[in-house]
Amino acid sequence: MRIAGFVCVIAAPLIFALVLYSFGPVLRLRRIRKVLREYPWEYRSSVRPCHDVKDTMALVVQLKADADSDWSKTMRAVNPLRRKRWTGAMEQGAWFAGDPEFGGVIAVPGGRDLMTLERGSRTPVEEYREIARDKDRMARAKRAGIGTLSAGLRP
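Residue numbering for the sequence shown follows our numbering, starting at 9 and increasing by one per position.
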């Protein structure tokens, strides 16, 4: 009986840690599914990593809608399996589903290597107010599970 109790005391924390570790990828996959239900895929001409911005848990990237457009604000790209890697395939183009102000999903052409995208920086107060006025856009982003903007408190 003592051995069974000892095994339970040792095994319980390990099982709990394993469950917590696997919970993150499940949530990311659910977010990907919700985004893809709300937003269609759009082709982006290029995606580049931002090496000057450091993030230990995600890959910081910028999107470009077409060759003539400007780069987007920085976004955090997170693989559902928590792998932080850059293959370079997205530099030639990628598929994006979501709202550039809130985040979304990005994939290499061919539908492989899905990653969730989140805003990498705070939204300035004026820009936050302007986005928040568009009720349909906010409602769609909330339905997709990406509808959180944090307003910067500094002017």
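Quick reminder that beta carbons are idealized off the backbone N, C-alpha and C, glycines included.
- The beta carbon of G112 lies closer than 7 Å to those of V43, Y47, F104, A105, G106, L125, I154 in the same chain, with the five residues before and after it left out.
- A Cβ-Cβ separation of about 4 Å places M123 in contact with A85 under the 8 Å criterion.
- Within the region 9-55, the complete beta strand (DSSP E) segments of 3 residues or longer fall at 50-52, listed in chain order.
- Sixteen is the threshold: since fewer than 16 other Cβ atoms of the shown chains lie within 10 Å of the Cβ of L35, the residue is exposed.
- Looking at E109, R127, R120, R130, the one whose alpha-carbon comes closest to that of D142 is E109.
- Under DSSP, D107 takes part in a beta bridge, and its partners are G111.
- For D76, there is no enclosing beta strand (DSSP E), since its DSSP letter is neither H nor E.
- Residue burial is scored here from C-beta neighbours: L26 has fewer than 16 other C-beta atoms within 10 angstroms and is therefore classed as exposed.
- For Q70, the closest alpha carbon among the candidates V116, R127, W49, A19 is that of R127.
- The C-beta distance from K72 to R52 rounds to 6 Å, short enough to fall under 8 Å.
- In the three-state reduction of the DSSP assignment, D121 falls in the strand class.
- Annotation for A85: the continuous beta strand (DSSP E) segment containing it runs 83-86.
- A distance below 8 Å separates the beta carbons of A102 and I114.
- In the three-state DSSP reduction, R130 falls in the coil class, being neither helix nor strand.
- DSSP places A152 in no alpha helix (DSSP H); its state is neither H nor E.
- Between M146 and A152, the C-beta gap is not smaller than 8 Å, which leaves the two residues out of contact.
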